[in-house]
Amino acid sequence: AQKVTQAQTEISVVEKEDVTLDCVYETRDTTYYLFWYKQPPSGELVFLIRRNSFDEQNEISGRYSWNFQKSTSSFNFTITASQVVDSAVYFCALSGDNFNKFYFGSGTKLNVKP
Amino acid sequence: DGGITQSPKYLFRKEGQNVTLSCEQNLNHDAMYWYRQDPGQGLRLIYYSQIVNDFQKGDIAEGYSVSREKKESFPLTVTSAQKNPTAFYLCASSLQGAAFFGQGTRLTVV
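These protein sequence lines map, in sequence, to chains A and B. The first sequence runs 23 to 136 under the numbering used here. The second sequence runs 7 to 116 under the numbering used here.
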């Protein structure tokens, strides 16, 4: 069965703090894809990153970085020097190699206070 | 501009009425999806379509129907059989890889 767990329901930080959002997944597929999306108050989900199961290299994009560890089935997301504009709900998602379905976690609401 | 357009943004429906949510994309994506989001929860898959004239039920298809007569369009009908239709509905499309989402339709049953 495919499943994504985001154990952190809500996190509050003060601006400029670093924050890590956790994502743990379950799948029987050998080929799969992991994603992170941001949902600001407007509601639209914004694509942040896609990672396939054969690429365990960590990725950095500006203040964002992602740590993929197959050994622990985790795909964590870190925001460095958080800003108020980072306040949103963040979703981790999983898909098989046919992209028939995307399985979403329940989301982590991030509050960044000035 | 390329993208996914959902309309309307807000929709009110009386109990017992069917209502259709529109989703159009000009990204030339083959796959399209409908998700439902309830407050404080993740997204649950209602229906998806990999190609024109074909669609599959997702995890919560009861009370919903879809059609895929054109590649660009994937409308969702919320029927009177859906017991708790008030929710935020998101449409997405995908070519090979990430799903890209519309801005959503917030449906309220009054």
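Even glycine gets a Cβ: it sits at the ideal position worked out from N, Cα and C. From a predicted model like this one, the values you see are computed outputs, not experimental measurements.
| Asked | Found |
| --- | --- |
| Closest Cβ-Cβ distance between N122 of chain A and chain B: below 8 Å? | yes |
| Report the residue from A:T94, A:G127, A:E37 whose alpha carbon sits nearest the alpha carbon of S109 of chain A. | A:E37 |
| Less than 8 Å between the beta carbons of L49 of chain B and F126 of chain A, yes or no? | yes |
| Tell me which residue opens and which closes the beta strand (DSSP E) that F80 of chain B is part of. | Careful: F80 of chain B lies outside any beta strand (DSSP E) and carries neither H nor E. |
| What does T100 of chain A pair with, by DSSP beta-bridge criteria? | A:T42, A:S87 |
| With distances taken from CA atoms, which of A:N133, A:S95, A:T130, A:S104 is nearest Y47 of chain A? | A:S95 |
| Would L27 of chain B and L82 of chain B qualify as a contact pair, given that the criterion is a beta-carbon distance under 8 Å? | yes |
| Thinking C-beta only, is S64 of chain A closer than 8 Å to Q5 of chain B? | Look at the range of chain B in this structure, 7 to 116, and you will see that residue 5 of chain B is not part of it. |
| A2 of chain B CB to nearest chain A CB: under 8 Å? | The structure shown does not extend to residue 2 of chain B, since chain B spans only 7 to 116, so no value can be given for it. |
| Could you compute how far the alpha carbon of Y54 of chain A sits from the alpha carbon of D40 of chain A? | 29 Å |
| With distance defined between alpha-carbon atoms, name the residue in B:G22, B:G46, B:G9, B:E21 nearest to C29 of chain B. | B:G9 |
| Under 8 Å by Cβ, that's how I've got V84 of chain B and G64 of chain B pegged, so tell me the actual separation to the nearest angstrom. | Not really, about 14 Å apart at Cβ, beyond 8 Å. |
| Would you call S93 of chain A buried or exposed, if buried means 16 or more other Cβ atoms sit within 10 Å of its Cβ? | exposed |
| So with CB distances below 7 Å, who are the chain B contacts of F126 of chain A? | G48, L49 |
| Return the first residue and the last residue of the beta strand (DSSP E) that F115 of chain A is part of. | Note that residue 115 of chain A is Ala in the sequence shown here, rather than Phe. Start and end: 110 to 118. |
| Let me confirm a value: Y5 of chain B is counted as buried when at least 16 other C-beta atoms fall within 10 Å, else exposed. Which label applies? | Because chain B spans 7 through 116 in this model, residue 5 of chain B falls outside it and cannot be assessed. |
| Would you say L33 of chain B lies against chain A (beta-carbon separation less than 8 Å)? | no |
| Using a Cβ-Cβ distance under 8 Å, would F57 of chain A count as near chain B? | yes |
| At the level of alpha carbons, what is the spacing between K77 of chain B and L43 of chain A? | 36 Å |
| Check whether the segment 99 to 109 of chain B and the segment 114 to 133 of chain A touch, using three or more Cβ-Cβ pairs below 8 Å as the test. | yes |
| Look at the alpha carbon of Y39 of chain B and the alpha carbon of Y53 of chain B, and state the distance between them as a whole number of angstroms. | 6 Å |
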